[in-house]
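Numbering (my numbering), first residue to last: 209 to 384.
One structure is given below, encoded as structure tokens.
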């Protein structure tokens with residue numbers, strides 16, 4: 209997401225418009241007067257650096273029918289610095305994906321009730337939303353790379369927090 213910092217050049221005291229973004233939403237805005245254009249430029253660079261540093265973390269959609277496992281996965285992913293959404297089955301996940309354009313990774317179990325299992329969901333997501341990365345997990349089924357959509361990863365349960373964090377970092381390039 210791009211941010212615009214506007215400096216009024218004709219003003220006797222240049223104005224720097226600034227705002228703070230939190231989780232993709234504007235939470236404060238305002239302006240500040242400066243004695244010179246150079247001072248305004250320096251302040252603008254500092255505000256821009258702060259905005260970039262506060263960019264929202266990538267969002268991971270966790271799809272797991274077992275509530276305790278889902279909560280544990282949410283905790284691991286959030287501890288790694290990512291934001292999360294969650295769904296109890298593929299149908300809920302698709303509803304979320306249709307209404308949100310900011311999801312970076314789908315983290316799904318294979319064996320789930322509903323209209324499709326996690327592997328079918330992974331292929332569906334890959335076909336409909338190609339930029340979204342996919343992590344498929346299972347404790348009962350072992351998959352080979354050729355069974356997964358291109359660019360997807362398989363993690364066998366019980367996965368460790370450091371494994372999840374490493375795969376997410378590899379897929380998103382985000383380091384908390």
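We put the CB at the ideal spot given by N, CA and C, even for glycine.
Remember, it's a predicted structure, so these values are computed and weren't measured experimentally.
Measuring CB to CB, does residue i end up less than 8 Å from residue j?
| i | j | result |
| --- | --- | --- |
| residue 344 | residue 311 | no |
| residue 298 | residue 323 | yes |
| residue 321 | residue 291 | no |
| residue 363 | residue 371 | yes |
| residue 385 | residue 383 | A query on residue 385 cannot be resolved here, the shown segment of the chain reaching from 209 to 384 and no further. |
Helix or strand or just coil, what does DSSP make of residue i?
| i | result |
| --- | --- |
| residue 278 | helix |
| residue 295 | strand |
| residue 268 | strand |
| residue 287 | helix |
| residue 334 | helix |
| residue 363 | strand |
| residue 304 | helix |
For residue i and residue j, what's the separation of their Cα atoms in angstroms?
| i | j | result |
| --- | --- | --- |
| residue 367 | residue 350 | 13 Å |
| residue 339 | residue 313 | 9 Å |
| residue 361 | residue 373 | 13 Å |
| residue 287 | residue 293 | 14 Å |
| residue 348 | residue 378 | 25 Å |
| residue 358 | residue 342 | 9 Å |
List the endpoints of the continuous alpha helix (DSSP H) containing residue i.
| i | result |
| --- | --- |
| residue 375 | 369-380 |
Tell me where the beta strand (DSSP E) around residue i begins and ends.
| i | result |
| --- | --- |
| residue 349 | Looking at the DSSP string, residue 349 is not in any beta strand (DSSP E), and its letter there is neither H nor E. |
Note to self: Between the segment 268-280 and the segment 295-305, can you find at least three pairs of beta-carbon atoms closer than 8 Å?
What the structure shows: yes
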